[in-house]
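Read through the structure below, which is laid out as structure tokens, and then see the notes.
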Amino acid sequence: MVEGVLFVLMAIGALAGAVTVVAARNPIYSAMGLLATLLSVAVLYVVQLAHLVAAVQVIVYAGAVLTLFLFVIMLIGVDKEDSREENLPRQRWFVGVIAIVIVLLAGGVTLFGEFDWVPAATQVLPEETNGTVQAIAAPLFTDWVLAFEATALLLTIAAAGAIALAHYRRREA
Amino acid sequence: MVDPGLYMALAAALFTIGAMGLLLRRNALVMFMCIELMLNAVNLTLIAAGRALNDLNGQVAVFFILVVAAAEVVVGLAIIVSIFRLRSTASVDDLSEMKG
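Quick note, the sequences are listed as chains A and B, same order. Each residue of the first sequence is one higher than the last, beginning at 7 in the numbering used here. Each residue of the second sequence is one higher than the last, beginning at 17 in the numbering used here.
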């Protein structure tokens with residue numbers, strides 16, 4: 007019951023935020039819409055007992071990534087309005103058709119598809135330990151340790167790349 | 017417990033809105049935000065499936081997606097800023113040097 011009410015509220019919040027991201031003319035409003043969506047999705051994670059992922063979502067996404075977005079928006083300047091004219095012929099018509107197809111597909115699968123959820127045979131998680139730091143850490147440092155090391159390398163490369171891009175200077179002619 | 021299919025439907029709606037924004041908008045920053053929107057929709061799908069299947073690996077996968085998305089944002093925003101420093105525009109329509 008609580009999950010149902012929270013789902014409806016957070017679904018409305020997430021969808022409203024997503025529409026704001028796409029429709030707002032000012033990038034600041036887009037960033038605020040993204041914030042609403044991220045927080046609503048974080049609540050949905052908590053509802054589904056993914057506590058660690060929800061915390062990481064709020065700290066990394068709503069905290070760090072969104073701050074970076076706002077920083078760049080301020081740096082680039084918010085007074086320039088996005089042009090609304092179509093430079094590609096029939097672009098909106100085409101996008102509308104794609105969107106309708108995706109919505110019909112997703113709605114059809116959701117409403118008429120027969121979901122047969124088979125629980126994983128090996129692990130049955132009790133509710134109170136599902137999604138805690140200990141529960142996530144166990145597979146993270148055993149089954150997924152190679153991926154974990156690869157992301158460490160990726161983060162190092164990304165940091166070095168960002169610094170290299172920030173140091174870029176135009177060559178004096 | 018809410019049916020996992022409803023979470024999937026919400027994720028599909030979020031993904032569609034993000035994809036439409038990516039195709040319609042011209043501002044590189046807004047397009048980037050739409051990509052984040054789509055990534056979040058996929059994360060929601062993985063969490064819902066992991067809950068329905070009682071499998072923690074869904075949450076571990078989301079954890080990795082969050083890390084990769086953070087790295088992507090850092091590099092992408094640095095690229096947008098350096099393009100802006102060269103061209104004083106954030107509109108992708110103005111960047112057509114590689115057009116054949």
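C-beta atoms are modelled at their ideal positions from N, C-alpha and C, and glycine is treated no differently. In this text the structure is predicted, and so the values were computed from the model without any measurement.
Residue i versus residue j: straight-line alpha-carbon distance, rounded
| i | j | result |
| --- | --- | --- |
| alanine 144 of chain A | arginine 101 of chain B | 45 angstroms |
| threonine 162 of chain A | alanine 37 of chain A | 27 angstroms |
| leucine 93 of chain B | alanine 22 of chain A | 25 angstroms |
| leucine 111 of chain B | methionine 47 of chain B | 14 angstroms |
Any chain B beta carbon closer than 8 angstroms to residue i
| i | result |
| --- | --- |
| valine 103 of chain A | no |
| glycine 10 of chain A | yes |
| leucine 76 of chain A | no |
| alanine 179 of chain A | At alanine 179 of chain A, the pLDDT of 48 sits below 50, so the modelled position is not reliable; the number obtained from the coordinates is stated separately. No, alanine 179 of chain A lies away from the interface with chain B (no Cβ there is under 8 angstroms from its Cβ). |
| glycine 180 of chain A | The structure shown does not extend to residue 180 of chain A, since chain A spans only 7 to 179, so no value can be given for it. |
| glycine 167 of chain A | yes |
| valine 49 of chain A | no |
| glycine 19 of chain A | no |
| leucine 45 of chain A | no |
| glycine 114 of chain A | no |
| leucine 146 of chain A | yes |
| leucine 159 of chain A | no |
CB contact below 8 angstroms: residue i versus chain A
| i | result |
| --- | --- |
| leucine 40 of chain B | yes |
| methionine 49 of chain B | yes |
| threonine 32 of chain B | yes |
| methionine 36 of chain B | yes |
| serine 53 of chain B | Going by the sequence as given, residue 53 of chain B is leucine instead of serine. Yes - at least one Cβ of chain A is within 8 angstroms of the one on leucine 53 of chain B. |
| valine 58 of chain B | no |
Residue span of the alpha helix (DSSP H) that contains residue i, given as start and end
| i | result |
| --- | --- |
| tyrosine 23 of chain B | 20-40 |
| leucine 10 of chain A | In the sequence under discussion, the amino acid at residue 10 of chain A is glycine, which differs from the leucine named in the question. Where glycine 10 of chain A is concerned, the enclosing alpha helix (DSSP H) stretches over 8-29. |
| histidine 57 of chain A | 57-62 |
| tyrosine 51 of chain A | 33-53 |
| arginine 103 of chain B | 73-103 |
| phenylalanine 4 of chain A | Chain A is shown from 7 up to 179; residue 4 of chain A falls before or after that span and cannot be answered. |
| asparagine 56 of chain B | 44-69 |
| valine 139 of chain A | 139-146 |
Residues that residue i contacts on chain B, provided the C-beta gap is smaller than 7 angstroms
| i | result |
| --- | --- |
| isoleucine 34 of chain A | The premise fails here: isoleucine 34 of chain A is roughly 10 angstroms from chain B at the closest Cβ pair, so nothing lies under 7 angstroms. |
| tryptophan 150 of chain A | Val76 |
Within chain B, the residues that residue i reaches when beta carbons sit closer than 9 angstroms
| i | result |
| --- | --- |
| leucine 13 of chain A | Looking at the sequence itself, residue 13 of chain A is phenylalanine, so the reference to leucine does not match. Going along chain B in sequence order, the residues near phenylalanine 13 of chain A (Cβ under 9 angstroms) are Val18, Leu22, Tyr23 and Leu26. |
| alanine 42 of chain A | Here the premise fails: no neighbours, minimum Cβ distance about 11 angstroms. |
| leucine 171 of chain A | Val91, Ala94, Ile95, Val97 and Ser98 |
Listed by chain order, chain A residues near residue i by CB distance under 7 angstroms
| i | result |
| --- | --- |
| arginine 67 of chain B | Gln54 and Leu55 |
Neighbouring residues, chain B, relative to residue i (Cβ below 8 angstroms)
| i | result |
| --- | --- |
| valine 139 of chain A | Neighbours of valine 139 of chain A on chain B: none; closest Cβ ~11 angstroms, over 8 angstroms. |
| valine 62 of chain A | Phe79 and Leu82 |
Within chain A, partners of residue i - CB distance below 8 angstroms
| i | result |
| --- | --- |
| leucine 111 of chain B | None at all; the shortest Cβ gap to chain A is about 12 angstroms. |
Heavy atom of the ligand MG within 7 angstroms of residue i beta-carbon
| i | result |
| --- | --- |
| glycine 34 of chain B | Questions concerning the ligand MG fall outside what the structure shown contains, since it holds no ligand whatsoever. |
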